[in-house]
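Asks: Have a look at the structure that comes next, please.
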Amino acid sequence: ILNVEQSPQSLHVQEGDSTNFTCSFPSSNFYALHWYRWETAKSPEALFVMTLNGDEKKKGRISATLNTKEGYSYLYIKGSQPEDSATYLCACNSGNTPLVFGKGTRLSVIA
Amino acid sequence: DVKVTQSSRYLVKRTGEKVFLECVQDMDHENMFWYRQDPGLGLRLIYFSYDVKMKEKGDIPEGYSVSREKKERFSLILESASTNQTSMYLCASIPDRNYGYTFGSGTRLTVV
Chain A
4 ILNVEQSPQS
14 LHVQEGDSTN
24 FTCSFPSSNF
34 YALHWYRWET
44 AKSPEALFVM
54 TLNGDEKKKG
64 RISATLNTKE
74 GYSYLYIKGS
84 QPEDSATYLC
94 ACNSGNTPLV
104 FGKGTRLSVI
114 A
Chain B
65 DVKVTQSSRY
75 LVKRTGEKVF
85 LECVQDMDHE
95 NMFWYRQDPG
105 LGLRLIYFSY
115 DVKMKEKGDI
125 PEGYSVSREK
135 KERFSLILES
145 ASTNQTSMYL
155 CASIPDRNYG
165 YTFGSGTRLT
175 VV
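Same order as they appear, the protein sequences are chains A and B.
Numbering of the first sequence is given in the working numbering, commencing with residue 4 and proceeding in unit increments.
Numbering of the second sequence is given in the working numbering, commencing with residue 65 and proceeding in unit increments.
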């Protein structure tokens with residue numbers, strides 16, 4: 004079973020602060036890295052799917068980078084807003100296997 | 065938008081009951097998955113299916129089975145519910161492995 008680690012476990016930031024979290028995964032047999040946002044009482048929502056080393060993706064104020072050689076990805080949120088409060092999940096797979104998820108980073112943005 | 069529908073949002077069942085959790089997707093996706101989410105443990109894979117009639121065990125299949133008689137429907141079955149199966153159950157689907165998962169809204173099952 005792949006081991007996907009996320010840090011920190013939880014985070015509290017002030018509105019307007021920028022923040023970032025880390026996801027680490029085994030670099031061997033890597034296929035893809037996914038980031039999801041999971042708001043309370045909603046379904047997890049896909050943010051990014053990344054496959055190539057050095058990949059950078061952006062959606063509004065949220066961006067992500069991928070380093071497959073060293074086995075890590077960063078998720079950045081610029082100018083955090085209260086609506087960014089959610090649990091951010093990282094997941095990866097190898098070959099055609101289903102995703103293995105990390106335990107998530109719980110972000111609270113304080114107005 | 066792709067929609068993944070789980071039949072029940074909340075469910076309370078008694079120990080020993082046979083429980084069916086239904087999941088239906090409306091976009092002809094080949095691949096479907098069942099995960100459970102527990103505090104401090106993250107999402108864990110129970111079963112998955114890459115085609116009709118096909119099923120594969122995930123990381124924690126014990127006490128569960130699945131059925132995929134039609135492409136759009138993937139059912140999770142708890143053969144004899146136990147209290148340690150109290151959890152949030154999430155169904156997901158994708159057309160192929162290059163896409164992000166689309167999740168259902170989840171079923172919070174309580175076994176008493």
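C-beta atoms are modelled at their ideal positions from N, C-alpha and C, and glycine is treated no differently.
Can a CB atom of chain B be found closer than 9 angstroms to the CB of A:T35?
Replies: In the sequence as presented, Thr is not what sits at residue 35 of chain A; that position holds Ala. Yes, A:A35 lies at the interface with chain B (some Cβ there is under 9 angstroms from its Cβ).
Asks: Could you pull the start and end residues of the beta strand (DSSP E) that B:R132 belongs to?
Replies: Y128 to K134
Asks: Please give me, in chain order, every unbroken run of the beta strand (DSSP E) with length at least 3 that falls completely inside the segment 87–141 of chain B.
Replies: Counting only unbroken stretches of 3 or more residues, the beta strand (DSSP E) elements lying wholly within the segment 87–141 of chain B are 87–89, 95–102, 106–113 and 128–134, in sequence order.
Asks: Does the structure place the segment 143–162 of chain B close enough to the segment 70–90 of chain B that three or more beta carbon pairs sit under 8 angstroms?
Replies: yes
Asks: I'd like the span of the beta strand (DSSP E) that includes B:L75, first residue to last.
Replies: Y74 to K77
Asks: For the segment 73–100 of chain B, which residues have a beta carbon sitting closer than 7 angstroms to at least one beta carbon of chain A?
Replies: F97
Asks: With DSSP as the reference, label B:T147 as helix, strand or coil.
Replies: helix
Asks: Throw me the rounded Cβ distance for the A:E18 and A:S83 pair, which I believe falls under 8 angstroms.
Replies: 6 angstroms
Asks: When DSSP labels each residue in this structure, what does B:E81 get in the three-state scheme?
Replies: coil
Asks: Could you give the first and the last residue of the continuous beta strand (DSSP E) run that contains A:K45?
Replies: Looking at the DSSP string, A:K45 is not in any beta strand (DSSP E), and its letter there is neither H nor E.
Asks: The beta strand (DSSP E) with A:A35 in it runs from where to where?
Replies: A35 to W41
Asks: Which residue's Cα is closest to the Cα of B:D123: A:F51, A:Q12, A:T100 and A:S111?
Replies: A:T100
Asks: So, for A:I65: in the same chain, excluding its five sequence neighbours on each side, which residues have a beta-carbon less than 6 angstroms away from its beta-carbon?
Replies: I80
Asks: Count the other C-beta atoms from every protein chain shown that fall within 10 angstroms of the C-beta of A:P47, then say buried if there are 16 or more, exposed otherwise.
Replies: buried
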